[in-house]
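Just below is one structure, and these are the notes that go with it.
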Amino acid sequence: MDKVTLRLNWSYYGIHAAFIYGLEKGLYAEQNIDLTVKQGNGSSNAVKLVANKDSTFAYGSNGALISNM
């Protein structure tokens, strides 16, 4: 199983529902993905956490990615 961490751009709220739903329903596990979803503190911070390998992926604005390049 592939271990993956998704860092959100903020605390859990409506826009993140699909990630949590899929996790609770086992949809990621069906695809051989061991997903951990972590709350974030802004898109820029989420991008930095991916860059330093604390998280595998980040969910946030593309502007944050560009400004951190």
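Its first residue numbered 46, the sequence shown is counted upward by one per residue in our numbering. C-beta: ideal position from N, C-alpha, C; glycine also.
Excluding sequence positions up to five away, which residues of its chain have a Cβ less than 6 Å from the Cβ of residue 52? 83, 85, 91, 94, 100 and 103
Determine the burial state of residue 59: buried for a count of at least 16 other Cβ atoms within 10 Å of its Cβ, exposed for fewer. exposed
Quick one: what's got a C-beta closer than 6 Å to residue 75's C-beta in the same chain, skipping five residues either side? none
Along the chain, where does the beta strand (DSSP E) containing residue 98 start, and where does it finish? Premise fails: residue 98 is in no beta strand (DSSP E) and is neither H nor E.
Report the residue from 105, 98 and 80 whose alpha carbon sits nearest the alpha carbon of residue 46. 80
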